[in-house]
Amino acid sequence: MELGSGQPTSDVVGEGERARYLAFIRENFDYERLVHVASFMAMELRIFGAAIDAFVEAGQQSENALKIAVAETEQRLDDYHGETEKLIDEGVSVGVKVGVSAGIKAGKKQAAGAGGRANAERSNQIRAFAIQLFEAGTWKSTKKAAVELWPKVFDESKRLNRRMSADRGPQTLYEWLLAHKKNTR
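Residue numbering for the sequence shown follows our numbering, starting at 256 and increasing by one per position.
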């Protein structure tokens, strides 16, 4: 049988044959080269094993890094949640303050409106008084009527606590009388 036939030597080769087979290997193969190849393969296996170990360690480190990142993210979310609650509380507080402020402003406007309406009512009373005096008399002109009626109208404005201006009052009285005269024609 020839070497390299593909059949296992234990089945085909007897003890004598086996010795011949080993002699053939010794003659045809360089042991130094085989030792060199074997040590190179052992070194490659050690490097490969170290690479596997490094890969496993890197995986563990990645897992640890991932765990740390998850923990930090959870902490940030907790912090964010706390900050959000604080901002909501502050926002509600500000909203209440704004609402109260708006209520106060609305109340002031309402009070101012009421004061304005009271002023307008007193002015209307003074105007009605002036028109009543104007209709009760006979006048050469509306301007003369305003000049003659001014002292009585001014006293009435003081009595109603709606004092008319001494500078602008006579002109206002004249304008009231003109408007009334125009509307009653």
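Here a beta-carbon is modelled for each residue, glycine too, at the ideal position from N, C-alpha and C.
Here the structure is a predicted model, which is why all the values come from computation and not from measurement.
| Check whether Arg414 and Ser378 have beta carbons under 9 Å apart | no
What does a CB cutoff of less than 7 Å around Lys436 pick up in its chain, not counting 5 residues either side in sequence?
Thr397
*Which residues mark the beginning and the end of the alpha helix (DSSP H) in which Trp431 is found?*
Counting along the chain, the alpha helix (DSSP H) containing Trp431 begins and ends at Gly424 to Thr439.
Return yes when the Cβ of Ile386 is within less than 9 Å of the Cβ of Leu432, no when it is not.
yes
Requested in this report: List the endpoints of the continuous alpha helix (DSSP H) containing Thr397.
Outcome: Thr397 to Arg414
| field | Run of the alpha helix (DSSP H) containing Gly392, from where it starts to where it stops | value | Note, Gly392: premise wrong, no alpha helix (DSSP H); not H, not E.
- Hey, how far is the Cα of Ile302 from the Cα of Asp334? 46 Å
Buried or exposed for Ser420, going by 16 or more other Cβ atoms inside 10 Å? An exposed status is given to Ser420, since fewer than 16 other beta-carbon atoms sit within 10 Å of its beta-carbon.
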